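Enquirer:
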Amino acid sequence: MLKALVIDPGKCTGCKQCEMACSLENEGVFNPSKSRIRVFDFHEDARFVPYTCTQCDEAWCQQACPVNAITTDAMGVKVVHDNLCVGCKVCTIACPFGTVNYNASTGKVIKCDLCGGEPACADACPTDAITYRDVEQSGYDKMKVWATRTSAGTESHGPNTPA
Amino acid sequence: MGWTGKILRIDLSKGTVKTEPLNMDWADKYLGQRGLASKYLVEEIDPKTDPLGPDNKVIFATGPLTGTCASTGGRYSVITKGPLTGAIACSNSGGYFGAEMKFAGWDMVIVEGAAAKPVYLTIFDDDVQIRDAGDIWGKSVWETDKWIKAAHQDPMIHVATIGVSGENAVLYSCVVNDLHRAAGRSGVGAVLGSKNLKAVAIRGTGGVSVKDPKEFLKATKAGKKVLKDNAVTGQGLPTYGTQVLMNVINEAGAMPTRNGRDVQFESAGDISAEAMAEPRRSDGHPNLLTNQACFGCTIACGRISKIDETHYTVQNKPEYWHASGGLEYEAAWALGSATGVKDLEALTYANFICNEQGLDPISFGATVGAAMELYEDGVITSETTGGIELKFGSAEALTRCVELTGKAEGFGKELGMGSARLTAKYGRPELSMTVKSQEFPAYDPRGIQGMGLTYATSNRGACHLRSYTVASEILGIPEKTDPLATEGKAGLVKAFQDATAAVDSSGLCVFTTFAWTLEDIAPQVDAACKGDWSVEKMLEVGERIWNMERIFNNKAGFTAKDDRLPERLMKDAAKTGPAKGLVATVDKMLPEYYDLRGWTSEGVPTNETLERLAV
Amino acid sequence: MHHVILGAGPAGVTAAETLRKHAPDAQITLVSGEPEPPYSRMAIPYLLEGKIGEAGTHLRQTDGHYDAKRIAYKQGPVSKVDTSAKALTLNDGSTLAYDKLLIATGATPVRPPVSGLDLPGVHTCWTLDDARHIAELAKPGVPVVLVGAGFIGCIILEALAKMGVKLTVVEMGDRMVPRMLDEVAGNMLRRWCEEKGVKVVTGAVVESISPAGGAQPKPAPEAAAPTPEPKRPGFFARLFGAKSETAPAPAQATGFAEEAPGFAGAPENGLTVTLKDGQKLPAALVVVAAGVKSNIGFLDGSGIDTGRGVKVDAFHETSIKDVYAAGDVAEGINLSTGHNDMLAIQPVAVEHGYIAALNMCGVATRHRGSLNMNVLDTLGLISSSFGTWEGVEGGSRATMVDEKANRYIRLEFDGDRLIGAQCVGLTDHIGMLRGMIQTHLPLGKWKDKLMESPARIPEAYVAVVQSAPQVGPTGPKVALPA
Amino acid sequence: MQVKLKLFASLARYLPDGSERNVARLDIAEGTTIWSLLDAHNVPRGSCHLVLVNGIYQGPEARYNALKEGDELAVWPPVAGG
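Line order of the protein sequences matches chains A, B, C and D.
Here my numbering is used: the first residue of the first sequence is 914, the next is one more, and so on.
Here my numbering is used: the first residue of the second sequence is 30, the next is one more, and so on.
Here my numbering is used: the first residue of the third sequence is 624, the next is one more, and so on.
Here my numbering is used: the first residue of the fourth sequence is 165, the next is one more, and so on.
Rendered as structure tokens:
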């Protein structure tokens, strides 16, 4: 049984606690621009969508890396090895989801690695819009879950809208 | 360390941009945001200066917890001498702008002088530019936000801007950031307008660090748990928003209605939180779509609404068919009860326009209420109003007024003066529901006596956000007190005022105090900031701030005579509800309050007090 | 079943690993053309910069990786392929039989017909061996001339500049990276480089390279090398036939010897690079990055159909049964055109290797096509391009230019679908551009928003993917079950 | 005797059928106390934070008092605003 981040935009309030938790965990400061998860704000549609790497099975980033600096761990997580990354950025254009970003201050790329099994974003999310839980599904299915949750978000109201 | 330690000083007259280190001695005494920026302001401007003249300054200030993971740590304030009141003004706002200022690396932006031509500021990390605003002068808040993001091709920019009303010196115009969060009161928007400063656009990519990250995480996590476990901040506010008060305050007989003629509004239910969540008869959808958090907020009380597309206000106006900031309690009260209007969609539209054009809905709605009374009393006629039948309860009149005032056209220009100047102009000053020329909000002191003292002594003119004794008197937070009693209220007001001043200086939202006390807040500040931040120190800082603001106002010419409520509240007894037969009795509480504060009977801080607090 | 793979680059290694995964019992032999463990050429510039050691260029980092996967490693190269006998002849004369063969021999740099290319001190930058030579010569402060500011040239440019040399880059095109970026972006790059102290001479043609103060160079031989870009006027026609713009700079033929005494390999007084317009550039080292050509010479007489590279079908099989091709050497399908084309980039090599291997072991898999894309960091200014960035007739274009901030976005649409893009100074979420192009995502109303504000790409992607889950989060597919 | 029961915010779900928005007009027996009326409608006592009769707050003790003809009982869970 693998664990995955399950994102339910219908529950997101746009508070960005996930971005703060992520940047503190990984950069040691509060800095959303260096967060590996980002909340998109669709103001006119009254929707907020947390967005990050789904640890997809295709592992586009890993395949594109010329120096093998991205590997898949036993939990299926695609991990960037800083000691090997040369900052060539090929993974950033290869990832069709746009979830690998270049960090100019370190010269390396950054992506979600689920914080080694304890994702800080899920821990910080006050509304359970981001949860980390067991999913008996392949990466493909994980993404389908993501997709349907997301599309459901177009209809559902906020987490705290009176029924 | 919480603070970035850097401030920006922009001189619009000279066109210069300078940076300077934050005065850390002051930071230790005034914490940040409201307190610290007020310290800068009182040190740097003449209290008697013309609020709309070039010698006034306007400061955008964050708190040390702004831009951290502390719940609600995303606040900033706009501090200046207010044109509506002539008193010190400090308007607090949420959204994402404040945090972005910190990420750009700045604790404060001090704006001085006045530009010869319209300009806007861009602060992209260290790159700070004064730019020509010729293309956006005359545009609404929403248009300006869009224009700036497109012009700089960066959707991640956060914009604080004034609308047309700020350009036209509407005395209660706001600074609106992130489309519908506002530094709303006292006319801070008009100060920007007087400086020809249309907007401030910020994009920050840096980080905010804290003194002890481990302790900070622990303290903020504990704080978040308190908020989550508390029924008000964990369930009530996110679900119903502040609007849940509509029925509460109305039942309690403390709802100022039709310019204070009444204390209960028979149609309160129609414009309540409960009504916003009901499916509309017209299109089957509720007015309320969802709730939204400001940056870092784990409460998420913000309302996001969508107006019925077939409603007369937006028919054939698709530009208003999208979701945007919906009615909060104060707005619903001012636009609704104060004017007697019960059309929820019309109120939402008026609220949209207030956001779009940068109007404080409290002062606007209350001013319309006063104008309606002038009209009903025959003091002004449809000739004065340009054909608007300005009757209590008329949604059409309300929405027409908001359109005109936002653009400062026709009768809107008169409404833009605020109710004190408007009623004075027509010889009926007693019809203005103001203290220090600022309209009071949604709590009638006849039914909530503590709020009378709150309004009377508020340093920025009538306001609920300086000491929200409603929490205790009506809601039972932290303890229930009798709203109709005056005993003990002086102490209650002082305690709320000092604590609130401290919270307002931290970067946190005052709404946390429905669940948090300073016992919850001090550890968070202490883990983030240099120095030892205990509850006692926070309270001392709060009291110091309060006295500093008071001294500024005294120097600006305010005296004990200005600590008074509108005549109507003191003469005309409430007609219905629990307060039936009662008037507001501030006179009894004031001397006790002055005494508690260590002020003379003239409301002047004694030397002893000033020494004690090292003001 | 014996699978033999020629070439130990990303395509070959990916193929070997894919074969092992799907054919646990097969015999797999990986034949390398170089006396090195499998490594990545893309990493060489970073080796030069000192970001990594030689081991850091290796394609797999775990010890015993190939042994553990039972992938035999054999030193090539191969000189001849006999497809009827299903046997290979290696350079050392030995032979090797195969059941299925994958040609993943990649490409080699072209050596333009310039006299003096053989002089010591003149190098291409392609192999680890090249890198070792360059590292020896490129000492801080020495004058270096880089011939070619194409994609590869620019990557080398970055490395050389970081090594602290006094760098001049000579490009025959009218701008930098002409095949990856348009005028706006290319010129942005040029200005950026010049501000960073790199001399950029565009529209310039190298006539000769000679020892400094030495004999006159021999006239350039009349040679016609294979052209890697048939769509444009011949690559070398452009390189050496184009009218050069004069960018005069005082030639400093002496002086560097003192600055860099004792460098090995180059003539004692260094080299002089003479341009067609007469300009002379001193150089302790000349690096030539004038394009590459496929390594297909050894296929002569094999019957395998070749053009610029090895021709393959949608299953990556060549004209000869049981012979497949992948990577830089193969003319795979270009997603943007639907036609076979050479896309010599790392991600495409991996896709080819993966798909070819699946077909080799009987998992019939059709290649949907690869997307051309590149990303370049030029002294900190990051540029990228995707797909049909030049646009198509009848399509629409959205651009955003901020010359001062060195930011540029150009989006090309066909209807409401993105077909190409290029960016300068933008890195966050840029992979979404690939996602949008490769999934042919219909953008609907978001296309209009992008026309107004191209920087809203990430929002557009997330918004549209949400409303179209069937094409969105599952991502683009490069391969489809047949 | 006639009284009005008003249940607001999340307590609205306990309103009997036929209520108008948040208000139920009820005919109750003499001597019915605040708690007994709320209990009869399954309103959890723990959720009854703000209890007003005719706008006047009823403390924990007062909730055992009987309602009178024409009384308006209004109840909220913990709420706040501002």
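Note that CB positions come from ideal geometry on N, CA and C, so glycine has one too.
As the structure is a computational prediction, the values presented were derived from the model and not from experiment.
Taking C-alpha atoms, which residue in Gly123(B), Gly415(B), Ser238(B), Ala304(B) lies nearest to Ala189(B)?
Expert: Mapped onto the second sequence, residue 189(B) falls at position 160. Out of Gly123(B), Gly415(B), Ser238(B), Ala304(B), Gly123(B) has the C-alpha closest to the C-alpha of Ala189(B).
Enquirer: Just the C-alpha distance for Leu179(D) and Leu171(D), rounded to the nearest angstrom, thanks.
Expert: The residue labelled residue 179(D) in the question sits at position 15 within the fourth sequence. The residue labelled residue 171(D) in the question sits at position 7 within the fourth sequence. C-alpha separation (whole angstroms): 7 Å.
Enquirer: Drop a sphere of 10 angstroms on the beta-carbon of Asp549(B), count the other beta-carbons inside from all chains shown, and report buried for 16 or more, exposed for fewer.
Expert: Taking the first residue of the second sequence as position 1, residue 549(B) is located at position 520. Asp549(B) comes out buried.
Enquirer: Would Gln272(B) be called buried (16 or more neighbouring beta carbons within 10 Å of its own) or exposed?
Expert: The sequence position of residue 272(B) within the second sequence is 243, counting from 1. The residue is buried, with at least 16 neighbouring Cβ atoms inside 10 Å.
Enquirer: Could you give the distance in angstroms between the alpha-carbon of Leu607(B) and the alpha-carbon of Tyr221(D)?
Expert: Locating residue 607(B) in the second sequence gives position 578, counting from the first residue. Locating residue 221(D) in the fourth sequence gives position 57, counting from the first residue. Reading off the sequence, residue 607(B) comes out as Pro, not Leu. Taking the straight line joining both Cα atoms gives about 10 Å.
Enquirer: Once the 5 residues before and after Val821(C) are set aside, which same chain residues still bring their CB inside 6 Å of it?
Expert: By 1-based counting over the third sequence, the position of residue 821(C) is 198. Cβ neighbours of Val821(C) beyond the five flanking positions: Ala784, Leu790.
Enquirer: Going by DSSP in three states, Val1101(C) sits in which element: helix, strand or coil?
Expert: The residue labelled residue 1101(C) in the question sits at position 478 within the third sequence. Looking at Val1101(C) - three-state DSSP - the assignment turns out to be coil, as it is neither helix nor strand.
Enquirer: Suppose the cutoff is 6 Å on Cβ atoms and the five residues either side in sequence are ignored; what does the same chain contact list for Thr410(B) look like?
Expert: By one-based count along the second sequence, residue 410(B) stands at place 381. Cβ within range, chain order: n/a, list empty.
Enquirer: Closest to Ser301(B) by CA distance: which of Ile278(B), Met137(B), Gly313(B) is it?
Expert: Sequence index remark: in the second sequence, residue 301(B) carries index 272 (1-based). The candidate whose alpha carbon is nearest that of Ser301(B) is Ile278(B).
Enquirer: Taking the C-alpha atoms as reference points, what is the distance between Met53(B) and Gly34(B)?
Expert: Numbered from its first residue, the second sequence carries residue 53(B) at position 24. Numbered from its first residue, the second sequence carries residue 34(B) at position 5. Distance between the alpha carbons of Met53(B) and Gly34(B): 8 Å.
Enquirer: According to DSSP, simplified to helix, strand and coil, what is Pro856(C)?
Expert: Within the third sequence, residue 856(C) is the residue found at index 233, counting from 1. For Pro856(C), the predicted model reports a pLDDT of 38, less than 50, meaning its position is unreliable; a value from the coordinates is still stated below. Looking at Pro856(C) - three-state DSSP - the assignment turns out to be coil, as it is neither helix nor strand.
Enquirer: Given 8 Å as the limit, is there contact between the region 201 to 211 of chain B and the region 415 to 429 of chain B, that is, 3 or more CB pairs closer than that?
Expert: Taking 8 Å as the limit for Cβ pairs, the verdict is that the region 415 to 429 of chain B does not touch the region 201 to 211 of chain B.
Enquirer: Taking DSSP's pairing of strands, which residues face Asn225(B) in a bridge?
Expert: Position 196 of the second sequence, counted from the start, is the residue given in the question as residue 225(B). DSSP lists no partner for Asn225(B).
Enquirer: Alpha helix (DSSP H) containing Phe126(B): first to last residue?
Expert: Here residue 126(B) refers to the residue found at position 97 of the second sequence. Residues 126 to 132.
Enquirer: Taking 8 Å as the CB-CB limit, is Lys254(B) close to chain D?
Expert: One-based indexing of the second sequence puts residue 254(B) at position 225. By this cut-off, Lys254(B) is not an interface position.
Enquirer: Would you kindly report the start and end of the unbroken beta strand (DSSP E) that includes Phe421(B)?
Expert: By one-based count along the second sequence, residue 421(B) stands at place 392. Run containing Phe421(B): none; DSSP gives neither H nor E here.
Enquirer: How would you call Ala847(C), buried or exposed, if buried means at least 16 neighbouring beta carbons within 10 angstroms?
Expert: Start at 1 with the first residue of the third sequence, and residue 847(C) comes out as number 224. The pLDDT assigned to Ala847(C) is 44, lower than 50, so where the model puts this residue is not dependable; a value taken from the coordinates is nonetheless given after this. Exposed, since its Cβ has fewer than 16 Cβ neighbours within 10 Å.
Enquirer: Could you check whether the Cβ of Glu1082(C) sits closer than 8 Å to any Cβ belonging to chain B?
Expert: Residue numbering aside, residue 1082(C) sits at position 459 when the third sequence is read from its first letter. So, interface residue.
Enquirer: Which of the three DSSP states is assigned to Met14(B) in this structure?
Expert: An answer regarding residue 14(B) cannot be provided, because it is not within the stretch 30 to 644 covered by chain B.
Enquirer: Counting only beta-carbon separations shorter than 8 Å, does Gln478(B) have a partner in chain D?
Expert: Here residue 478(B) is taken as the residue at index 449 of the second sequence, counted from 1. False, the Cβ-Cβ gap to chain D never drops below 8 Å.
Enquirer: Check the Cβ of Val993(A) against every Cβ in chain C and list those closer than 9 Å, keeping chain order.
Expert: Indexing the first sequence from 1 puts residue 993(A) at position 80. Ordered by position in chain C, no residue passes the 9 Å Cβ test against Val993(A), which lies about 13 Å from the chain.
Enquirer: Can you tell me the Cβ-Cβ gap for Asn288(B) and Ala367(B), rounded? I've got them flagged as a contact below 8 Å.
Expert: By 1-based counting over the second sequence, the position of residue 288(B) is 259. By 1-based counting over the second sequence, the position of residue 367(B) is 338. Contact holds; Cβ gap of about 6 Å.
Enquirer: Check Lys841(C) in the structure and name its three-state DSSP category.
Expert: On the third sequence, position 218 is the one that residue 841(C) refers to. Bear in mind that the predicted position of Lys841(C) carries a pLDDT of just 48, short of 50, making it unreliable; the figure below should be weighed with that in mind. In the structure shown, Lys841(C) sits in coil (DSSP, three-state: anything other than H, G, I, E or B).
Enquirer: Mind checking which residues open and close the alpha helix (DSSP H) that includes Leu629(C)?
Expert: Position 6 of the third sequence holds residue 629(C). No alpha helix (DSSP H) holds Leu629(C); the beta strand (DSSP E) holding it covers 625 to 629.
Enquirer: Using 10 angstroms around the beta-carbon of Glu578(B), count the other beta-carbons present and answer buried if the total reaches 16, otherwise exposed.
Expert: To locate residue 578(B), count along the second sequence from 1; it is residue 549. Buried, because 16 or more other Cβ atoms sit within 10 Å of the Cβ of Glu578(B).
Enquirer: Indicate whether the contact test is met: 3 or more Cβ pairs, each with one atom in the region 1075 to 1092 of chain C and one in the region 935 to 955 of chain A, closer than 8 Å.
Expert: The region 1075 to 1092 of chain C, when compared against the region 935 to 955 of chain A, does touch it at the 8 Å Cβ threshold.
Enquirer: By the 9 Å beta-carbon criterion, what residues does the region 172 to 192 of chain B contribute toward chain C?
Expert: Those would be Lys175, Lys178, Ala179, His181, Gln182, Asp183, Pro184, Met185, in chain order.
Enquirer: Please classify Pro208(D) as buried or exposed, where buried requires at least 16 other C-beta atoms within 10 Å of its C-beta.
Expert: The residue given as residue 208(D) occupies position 44 in the fourth sequence. The residue is exposed, with fewer than 16 neighbouring Cβ atoms inside 10 Å.
Enquirer: What is the rounded straight-line gap between the Cα of Asp923(C) and the Cα of Gln975(A)?
Expert: Position 300 of the third sequence, counted from the start, is the residue given in the question as residue 923(C). Position 62 of the first sequence, counted from the start, is the residue given in the question as residue 975(A). About 36 Å.
Enquirer: Can you tell which of Asp561(B), Lys68(B), Asn85(B), Ala603(B) has its C-alpha closest to the C-alpha of Gly218(B)?
Expert: Within the second sequence, the letter at position 189 stands for residue 218(B). Taking only the C-alpha atoms, the option nearest Gly218(B) is Asn85(B).
Enquirer: So who's on the other strand from Pro963(A), going by DSSP bridges?
Expert: Numbered from 1 along the first sequence, position 50 holds the residue referred to as residue 963(A). Answer by DSSP bridge pairing, in chain order: Val952(A).
Enquirer: Around the Cβ of Asn380(B), are there at least 16 other Cβ atoms within 10 angstroms (buried) or fewer (exposed)?
Expert: Translated into positions along the second sequence, residue 380(B) becomes position 351. It is buried - the Cβ of Asn380(B) has at least 16 other Cβ atoms within 10 Å.
Enquirer: With Tyr669(C) as the anchor, note down where its alpha helix (DSSP H) starts and where it stops.
Expert: Locating residue 669(C) in the third sequence gives position 46, where the first residue counts as 1. That run of the alpha helix (DSSP H) goes 667 to 672.
Enquirer: Return the residues of the region 187 to 216 of chain D that lie within a Cβ-Cβ distance of less than 9 Å from chain B, sorted by chain order.
Expert: Flagged, chain order: Val187, Ser211, His213, Leu214, Leu216.
Enquirer: If you measure from the beta carbon of Ser1076(C) to each beta carbon in chain B, is any gap under 8 Å?
Expert: One-based indexing of the third sequence puts residue 1076(C) at position 453. Yes, contact with chain B.
Enquirer: Could you please give me the residues that DSSP links to Thr1022(C) through a beta bridge?
Expert: Taking the third sequence and counting its residues from 1, the one referred to as residue 1022(C) is at position 399. BP columns for Thr1022(C) point to Arg1033(C).
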